[in-house]
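Asker:
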Amino acid sequence: MITMQKKQDVLKLHRQGEHSIRWIAKQVGLHRKTVNDYITAFELAKAKSEKGDVDDFEFVNTLPKQKVHKGTSVLDWAVIGPIIDGILGNNKHIHKKMQADVTHIYEELVRQNHEISYSSVTAYIRKKEQSLQQAEAFIKQTYNLGNTCEFDWGDCYLTIKGTYGTFQMAVFTCAYSNYRFSMLFEHQNTLAYQESHRSFFSHIQGVLTEMVYDNMRVAIKSFVGGKTPTRALTGLCAFYGFNYRFCNVRKGNEKGHVERSVDVVRKYAFSHKQSFDSFAEAQTHLLAQCEVVNSKINRTTGKSAKDLFEQERPYLLAYQGDIACFERRSAKVDKLCTFSFDSARYSVPDHLVGRTVEVKIKSAELQVYWSNELVATWERDYSKGWNMNIEHYLTTLGRKPGALKNSCALKQAPKNIVNLFDAEFVGNEKDFIILLLYCKDKKISHQKLFKAYQELKPKCSKEISSDMFINYLSQPKEAIMVPNCTSIEVGDTDITAQSTHTLTQANALLNQKR
Numbered sequence: 001m002i003t004m005q006k007k008q009d010v011l012k013l014h015r016q017g018e019h020s021i022r023w024i025a026k027q028v029g030l031h032r033k034t035v036n037d038y039i040t041a042f043e044l045a046k047a048k049s050e051k052g053d054v055d056d057f058e059f060v061n062t063l064p065k066q067k068v069h070k071g072t073s074v075l076d077w078a079v080i081g082p083i084i085d086g087i088l089g090n091n092k093h094i095h096k097k098m099q100a101d102v103t104h105i106y107e108e109l110v111r112q113n114h115e116i117s118y119s120s121v122t123a124y125i126r127k128k129e130q131s132l133q134q135a136e137a138f139i140k141q142t143y144n145l146g147n148t149c150e151f152d153w154g155d156c157y158l159t160i161k162g163t164y165g166t167f168q169m170a171v172f173t174c175a176y177s178n179y180r181f182s183m184l185f186e187h188q189n190t191l192a193y194q195e196s197h198r199s200f201f202s203h204i205q206g207v208l209t210e211m212v213y214d215n216m217r218v219a220i221k222s223f224v225g226g227k228t229p230t231r232a233l234t235g236l237c238a239f240y241g242f243n244y245r246f247c248n249v250r251k252g253n254e255k256g257h258v259e260r261s262v263d264v265v266r267k268y269a270f271s272h273k274q275s276f277d278s279f280a281e282a283q284t285h286l287l288a289q290c291e292v293v294n295s296k297i298n299r300t301t302g303k304s305a306k307d308l309f310e311q312e313r314p315y316l317l318a319y320q321g322d323i324a325c326f327e328r329r330s331a332k333v334d335k336l337c338t339f340s341f342d343s344a345r346y347s348v349p350d351h352l353v354g355r356t357v358e359v360k361i362k363s364a365e366l367q368v369y370w371s372n373e374l375v376a377t378w379e380r381d382y383s384k385g386w387n388m389n390i391e392h393y394l395t396t397l398g399r400k401p402g403a404l405k406n407s408c409a410l411k412q413a414p415k416n417i418v419n420l421f422d423a424e425f426v427g428n429e430k431d432f433i434i435l436l437l438y439c440k441d442k443k444i445s446h447q448k449l450f451k452a453y454q455e456l457k458p459k460c461s462k463e464i465s466s467d468m469f470i471n472y473l474s475q476p477k478e479a480i481m482v483p484n485c486t487s488i489e490v491g492d493t494d495i496t497a498q499s500t501h502t503l504t505q506a507n508a509l510l511n512q513k514r
């Protein structure tokens, strides 16, 4: 911005008559053309002066002024204002779809030969509406012990197993104590809604008298003729015994505790850590941060939310246990030993090909039943991929061992099992399948099998056969001698395992003699 002092400096230097315009411009820090304009204006004023000279403080007013936006001319609002007010007043008596809007008001003013801009009409109407609008007042609330709890959802953006995605965070806040509880879910659906309530009531071992919700679809089935609760909500109310209340539309302040809690819990839990190796790890981290939030001392009350909630506990409704939260569906097993659910595929034991199984659906898990027997359990896959358990294919692989090496089931097997196959059983797939069948029959975990391999490997100079594994796993205490191996501690075994061991030793001795 060019100050008045700079303009005076230009003219003073010019009047000394010793300096060029370029030199003056450099001294005062202005452009050469600007300095020239000031000097030209001064010389013209000086030439018109009767005296032939003027004082510094007098000729300043003759300098060129800075360019400013002229805008619209001054409007006669005493005339224009009543015209606009009259049109707005007339709108009150006309159907909403037929009311005159800003465009029509502007065109009416132009028609009456008023020089006014569209933006001036808009600004006047906005100011008028603000002056008529009464500021909203709020009523401070007090809550009874154990009476009210508010529920809401919030989005969380996390990286789980290297995949970035949006997850849903269910948040509960007790109105009296401000005690908070939260859980993560893949989707904001009915099962997640039910399971969040079950987990919350189980966590506090009680039930608050009233639950407050906004207009969420998992809680409201229909808005026609009043708000109708969903079957999920009525089921929760019937089982746990609480009442419910819905907020008015777009009135989140009516459950202000939980509205703020979503933001507080989300930032405490995930502002510094957004990447997790598993969904369970993220869930554990969230619950731990809720504990931190609940343990903070409030400067107003001098107590933590945890302390205040202990005052509420005697007033809670009795805890009735856990409600069952699942859906049932039937699914046909295809020739790949899989069934489809929500565009993802899950394997089942191969003897069920062509059968129809019953699937118990939970928010994070699928349980598969055949003849009332649990045959498979899967974590729900929301990525629409293929989920295969190698144990489901062992019977078929026993007949087709060559299919093992490139099978999807082997590629999805635990990493230690894949490493064991690559290290000891490439080219001997049938032996590997026999070993896995034995572990399945004896309920030996893959972790225990790989641990046995780690213990056997240093003691054996050659490849380890399935017989060696079976002997070692079935006889863990008694010392035996295995060809090409040092002594191995094994214990009592059944006749079948001992016979297998004896035959193995005999075959080894015969091979040595040959």
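Numbering (my numbering), first residue to last: 1 to 514.
Don't be surprised by glycine CBs; every beta carbon is placed ideally from N, CA and C.
Nothing here was measured: the structure is a model prediction, and the numbers come from that model.
DSSP on Lys-70, reduced to helix/strand/coil?
Answerer: Model confidence at Lys-70 stands at a pLDDT of 48, short of 50, so the residue's coordinates are unreliable; what they give is reported in the following sentence. Coil.
Asker: Where do the N-terminal and C-terminal ends of the beta strand (DSSP E) with Thr-356 fall, by residue?
Answerer: First-last of the beta strand (DSSP E) with Thr-356: 356 to 361.
Asker: Suppose contacts are defined by Cβ-Cβ distances below 8 angstroms. Is Val-264 in contact with Val-224 by that definition?
Answerer: Against a cut-off of 8 angstroms, the Cβ pair of Val-224 and Val-264 comes out as no contact.
Asker: Would you mind sorting Asn-471 into buried or exposed? The rule is 16 or more other CB atoms within 10 Å of its CB.
Answerer: Buried is the call here.
Asker: Which whole-angstrom value is the C-beta distance of Leu-109 and Ile-83, which I expect to be below 8 angstroms?
Answerer: That belief holds up - the Cβ atoms of Leu-109 and Ile-83 are roughly 7 angstroms apart, short of 8 angstroms.
Asker: Check Thr-148 in the structure and name its three-state DSSP category.
Answerer: Three-state result, Thr-148: strand.
Asker: Are the stretch 277 to 291 and the stretch 142 to 154 touching by the rule of at least three beta carbon pairs closer than 8 angstroms?
Answerer: Taking 8 angstroms as the limit for Cβ pairs, the verdict is that the stretch 142 to 154 does not touch the stretch 277 to 291.
Asker: Give me the Cα-Cα distance between Leu-394 and Ser-347, rounded to the nearest whole angstrom.
Answerer: Using only the alpha carbons, I get a separation of about 12 angstroms.
Asker: Taking the CB atoms as reference points, tell me whether Tyr-176 and Leu-308 lie closer together than 8 angstroms.
Answerer: Yes, these two residues count as a Cβ contact at 8 angstroms.
Asker: Taking the alpha carbon of His-187 as the reference point, which residue from Gln-205, Val-375 and Arg-217 has its own alpha carbon closest?
Answerer: Nearest option by C-alpha distance: Arg-217.
Asker: Work out the CA separation of Gly-321 and Asn-515 for me, nearest whole Å.
Answerer: Residue 515 cannot be examined here, being either before or after the span of the chain that is shown, 1 to 514.
Asker: With three or more beta-carbon pairs closer than 8 angstroms as the criterion, would you say the stretch 404 to 421 touches the stretch 359 to 371?
Answerer: Contact fails: fewer than three Cβ-Cβ distances are below 8 angstroms.
Asker: Apart from the five residues on each side of it in sequence, which residues of its chain come closer than 7 angstroms, Cβ to Cβ, to Ser-199?
Answerer: Only Met-183 meet the Cβ criterion.
Asker: Would the beta-carbon of Gln-168 fall within 8 angstroms of that of Phe-181?
Answerer: Not in contact: Gln-168 and Phe-181 (Cβ atoms no closer than 8 angstroms).
Asker: Tell me whether Asp-214 sits in a helix, a strand or coil according to DSSP, three-state version.
Answerer: Coil.
Asker: Under a three-way DSSP split, which group does Leu-233 fall into?
Answerer: Note: Leu-233 maps to helix in three-state DSSP.
Asker: Exposed or buried, which one is Val-79 when buried takes at least 16 other CB atoms within 10 Å?
Answerer: By the neighbour-count rule (16 or more Cβ atoms within 10 Å), Val-79 is not buried but exposed.
Asker: Does the beta-carbon of Arg-399 have 16 or more other beta-carbons within 10 angstroms, so that it is buried, or is it exposed?
Answerer: Counting Cβ neighbours within 10 Å, Arg-399 comes out exposed, since fewer than 16 surround it.
Asker: Measuring CB to CB, does Val-212 end up less than 8 angstroms from Arg-266?
Answerer: It is not a contact, given that the beta carbons lie outside the stated cut-off.
Asker: Where does the unbroken beta strand (DSSP E) through Phe-543 begin, and where does it stop?
Answerer: Any property of residue 543 remains undetermined from this structure, which presents the chain solely from 1 to 514.
Asker: Can you tell me where the beta strand (DSSP E) with Ala-344 in it begins and where it stops?
Answerer: Here the beta strand (DSSP E) through Ala-344 covers 344 to 347.
Asker: For the pair the stretch 300 to 317 and the stretch 200 to 211, tell me if three or more CB-CB distances fall below 8 angstroms.
Answerer: Yes, the stretch 300 to 317 is in contact with the stretch 200 to 211.
Asker: Just to confirm, are Asp-525 and His-392 a CB contact at a threshold of 8 angstroms?
Answerer: A query on residue 525 cannot be resolved here, the shown segment of the chain reaching from 1 to 514 and no further.
Asker: At a threshold of 7 angstroms, does Gln-454 count as lining the ligand SAH (C-beta to nearest heavy atom)?
Answerer: This structure simply doesn't include the ligand SAH, nor any ligand for that matter.
Asker: Secondary structure at Glu-391, three-state DSSP: helix, strand or coil?
Answerer: Reduced to three states, the DSSP call for Glu-391 is helix.
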